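Written below as structure tokens is the structure these notes are about.
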Amino acid sequence: MSDEQDEITVINAPVYLKYNFTAGKAPARYLTQLKKGVLTGQRCPKCSAVYVPPRGSCASCGVATEEEVELSDKATVESFTIVSIPIPGNPIEPPFVVANLVLDGSNISLIHLLSECVNEDVHIGQRVQGVWNPESEWDYSMNNIRYFKPIDEPDVPVEKIGTLPVTGLEG
Amino acid sequence: MSQPETLNQAFELGYTYTRSTGPVIGRFLTALKNRKIVGIKASDSRVIVPPMEYDPDTAEELSEFVDVGEQGEIVSFAWVKEPRESHPMQVPFAWAMIKLDGADVPMVHCVAAAAESDIATGARVRAVWADETIGFITDIRCFELV
Amino acid sequence: MKDIAIVAYQQSDSVSDAGAVNEVELIMPVLARTFEQAGLNSAQDVDFVCSGSCDYLQGAAFAFVSGVDALGAVPPIKESHVEMDAAWALYESMLKIRMGHADSALIYGFGKSSPGDLPTVLSQQLDPYYLAPLWVDSISLAALQARLMLDKGLITERDMAEVVSRSRRNAMNNPHAQLSGDISVEDVLAEETFLSPLRKADCSPISDGASAMIIATVDQAKAWGLPYVVISGIDHCIETHNLGMRDLTDSVSTRMAANHAGMNAGKVDVAELYAPFSHQELILTRALGLDKETQVNPSGGVLAGNLMMASGLSRIGEVFNRIVKGEAQRGIAHATSGPCLQHNLVTVLEKGENA
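Protein chains in written order, with this note's numbering: chain A, 1 to 171; chain B, 172 to 317; chain C, 318 to 672.
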């Protein structure tokens with residue numbers, strides 16, 4: 001029998017809710033192309049900024065984006081952090097590098113991992129390229145790119161980050 | 172322009188909350204663990220079950236606990252033909268407002284019944300205790316018709 | 318004190334499943350039409366923006382922040398959000414204008430309820446110790462309320478069916494309605510019960526969609542040269558979360574809000590009431606003392622389509638539309654939140670000079 005003295009002061013009240021998510025039109029277009037190994041963004045009809053991943057609007061101008069733009073898997077490091085503590089649920093062993101990367105041909109950074117690098121040498125303006133999983137494993141997922149790794153190209157000056165055309169530095 | 176596929180993904184969101192009960196709710200849940208039900212007296216002396224910390228009309232802090240019965244009367248009910256996955260019973264059952272003996276304010280809980288026609292406003296019900304009580308509202312597994 | 322008026326209102330169709338549409342794609346077409354109606358270009362042309370939505374509906378954390386991508390927030394705009402129906406975003410916007418911090422505001426609400434099980438999601442807004450762990454859904458609670466009404470002889474199932482039949486017929490003139498049709502009282506009564514005593518027809522459908530509104534000081538509305546409808550009063554009141562402590566057969570908080578908002582200062586030509594269940598329209602009509610002089614829910618109300626987090630704003634928009642069209646001079650709009658009409662907001666609308 002229960003102990004009368006044993007007062008309840010805390011309860012466990014977990015909430016589990018089930019959903020069926022449907023991707024919006026712009027993200028669905030992006031993911032459909034990504035499964036084919038192609039990175040795409042959407043260009044603003046007003047200010048010409050290219051968004052990736054696209055959400056269907058230019059967040060600056062507040063207008064719908066329709067024009068699809070194919071992007072390079074080469075990118076420039078806009079910012080980064082070295083993660084030294086384990087993140088619950090994340091299988092990656094620290095320390096590892098998470099970076100804001102601007103793909104050539106786009107104007108907005110996305111977040112991905114940086115690897116095959118000396119963590120201490122990672123720097124803003126550094127040129128990197130996506131390392132893709134084998135084609136047989138491609139899915140509707142940014143994990144198709146395992147990580148980005150440094151490439152032997154000159155650094156991009158800070159003021160030029162986010163302005164490179166899809167052809168990269170030579171463009 | 173590329174044509175997108177329609178992309179669906181089922182997922183479950185989990186919020187694994189623990190909550191502090193405070194003294195009033197804690198007293199009620201402790202009583203449930205001991206297979207008893209307590210209410211609290213409101214400013215106007217009405218007995219509220221489960222107990223509230225403050226009177227909704229006067230905002231007065233409430234503290235006078237009152238033992239109430241584990242039997243009561245159905246004030247209103249809703250018959251659930253097709254229980255939802257989250258519901259406490261997976262066979263047809265009723266939600267009910269139940270005024271326990273010694274209480275003045277009805278509480279909401281579930282009532283087990285074989286058919287809708289078995290249940291009625293004014294019917295007497297009794298608490299069915301869970302096999303193991305832990306100090307949670309589901310320590311009352313359901314109510315059953317007397 | 319500055320008088321405040323509505324100058325534009327638009328809403329999306331009410332659909333059961335918007336499918337491949339994210340929050341931006343849901344909001345943006347509605348905003349575009351609202352700006353067009355007001356002769357404005359973007360959110361940059363108003364002084365304040367406030368939205369209403371609830372991330373739990375679609376299970377996407379900070380979906381309301383993603384929604385801001387639809388606004389054009391560069392250079393930065395003054396923006397706020399309520400995790401409530403956008404009728405309360407209107408309330409916040411009016412305070413902003415009354416305090417002299419803005420002369421105009423854009424208000425929008427959106428909800429994509431289809432990804433989750435809405436009645437289950439709503440069970441989690443209840444008392445987290447006594448009710449949420451039982452997972453009492455919103456329809457079941459409304460059914461308890463309906464039976465209290467029926468048992469006390471305050472209404473009959475036929476009265477409820479009449480509400481449904483009128484809603485469906487009125488909705489035939491509402492291009493955004495999800496449910497409409499020439500359905501008789503007998504048709505409704507012939508339906509078996511769903512969550513007894515409620516029939517499916519007594520319950521509003523689950524809908525996806527958005528609505529948006531632009532308000533401004535009357536001076537600003539005149540400067541824009543737009544037809545406008547004056548918001549002559551607005552108030553909201555809430556009742557205790559303890560369902561057992563409430564008189565569920567009445568709506569005391571609605572009546573209080575209506576009195577504070579000045580509803581009784583003149584004739585009410587039209588009333589749009591946010592009643593997600595048929596018996597609740599009867600509770601509200603009686604709580605407000607509306608008689609045959611007042612046309613109730615000419616749009617079909619939310620039984621014809623219930624945009625969670627936008628339907629309250631839509632009620633106000635529907636009354637605005639009637640007054641602008643010259644079908645009414647003065648009307649009230651009601652919005653609700655919480656189980657069994659717990660929290661209620663009433664807005665009084667009156668014809669402006671150019672409307």
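Think of the CB as a built atom: it goes at the ideal place given N, C-alpha and C, for glycine as much as any other residue. Here the structure is a predicted model, which is why all the values come from computation and not from measurement.
Since A652(C) meets chain A, which of its residues come closer than 7 Å, beta carbon to beta carbon? In chain order: nothing, as chain A lies at least about 25 Å away.
How many angstroms separate the CA atom of E396(C) from the CA atom of A59(A)? 14 Å
Output needed in chain order: residues of the stretch 437-455 of chain C with a Cβ under 8 Å from some Cβ in chain A. T437, V438, Q441, P445, Y446, A449, P450
Hey, does G389(C) have any beta-carbon neighbour from chain A nearer than 9 Å? yes
Straight-line gap, M318(C) to V535(C) (C-alpha atoms, nearest Å): 11 Å
Please give me, in chain order, every unbroken run of the beta strand (DSSP E) with length at least 3 that falls completely inside the stretch 321-384 of chain C. 321-328, 365-369
Evaluate the contact criterion for the stretch 60-73 of chain A versus the stretch 37-49 of chain A: three or more CB pairs, one atom per stretch, below 8 Å. yes
Report all residues from its chain with a CB closer than 6 Å to the CB of Y140(A); omit the five preceding and five following residues, and keep chain order. L31, K35
With respect to the alpha helix (DSSP H) encompassing H596(C), which residues constitute its N-terminal and C-terminal limits? 595-604
Starting from A249(B), follow the beta strand (DSSP E) in both directions and report where the run begins and ends. 242-251
Would T223(B) and L560(C) be called neighbours here (beta carbons separated by less than 9 Å)? First, the residue type needs correcting, since residue 223(B) is Met and not Thr in the sequence shown. Contact flag unset, no.
Given a cut-off of 9 Å, decide if V366(C) and L423(C) are closer than it, judged by their beta-carbon atoms. yes
What residues from chain B crowd round I8(A), counting only those whose CB sits closer than 7 Å? T192, G197, L200, T201, K204, G306
Identify whether S421(C) lies in helix, strand or coil by the three-state DSSP scheme. strand
May I ask whether a heavy atom of the ligand FMN can be found less than 8 Å away from the beta carbon of V453(C)? Looking at this structure, you won't find the ligand FMN or any other ligand, since it has none at all.
Which of helix, strand or coil DSSP assigns to L506(C): helix
On the DSSP bridge assignment, give the partners of S528(C) in chain order. Q328(C), G426(C)
Let me confirm a value: M1(A) is counted as buried when at least 16 other C-beta atoms fall within 10 Å, else exposed. Which label applies? The predicted model places M1(A) with a pLDDT of 45, which falls under 50 and marks its position as unreliable; any figure quoted below should be read in that light. By the neighbour-count rule (16 or more Cβ atoms within 10 Å), M1(A) is not buried but exposed.
Could you tell me the boundaries of the alpha helix (DSSP H) in which I634(C) lies? The question names Ile, but residue 634(C) in the sequence shown is Gly. 628-641 is the span of the alpha helix (DSSP H), which, as asked, contains G634(C).
Just to confirm before moving on: does the CB-CB distance between M625(C) and L374(C) stay below 9 Å? yes
Could you compute how far the alpha carbon of E7(A) sits from the alpha carbon of D272(B)? 25 Å
Separation of V636(C) from K469(C), as counted between CA atoms: 33 Å
Consider the Cβ of M1(A): report whether some Cβ of chain C lies at a distance smaller than 9 Å. Model confidence at M1(A) stands at a pLDDT of 45, short of 50, so the residue's coordinates are unreliable; what they give is reported in the following sentence. No - not a single Cβ of chain C is within 9 Å of the one on M1(A).
So, at 7 Å on beta carbons, what are the nonlocal neighbours of K270(B) in its own chain, with the 5 sequence-adjacent residues on each side left out? G243, E244, V246, P277
Restricting to Cα atoms, I'd like to know which of T22(A), A49(A), L113(A) is closest to Q129(A). L113(A)
Work out the CA separation of E556(C) and L662(C) for me, nearest whole Å. 12 Å
A284(B): contacting residues in chain C (beta-carbon distance under 7 Å): Neighbours of A284(B) on chain C: none; closest Cβ ~12 Å, over 7 Å.
Any 3 or more C-beta pairs closer than 8 Å across the stretch 248-264 of chain B and the stretch 434-444 of chain C: yes
Between L605(C), N491(C), M416(C), which has its C-alpha nearest D364(C)'s C-alpha? M416(C)
Please confirm whether T65(A) has its beta-carbon closer than 9 Å to some beta-carbon of chain B. no
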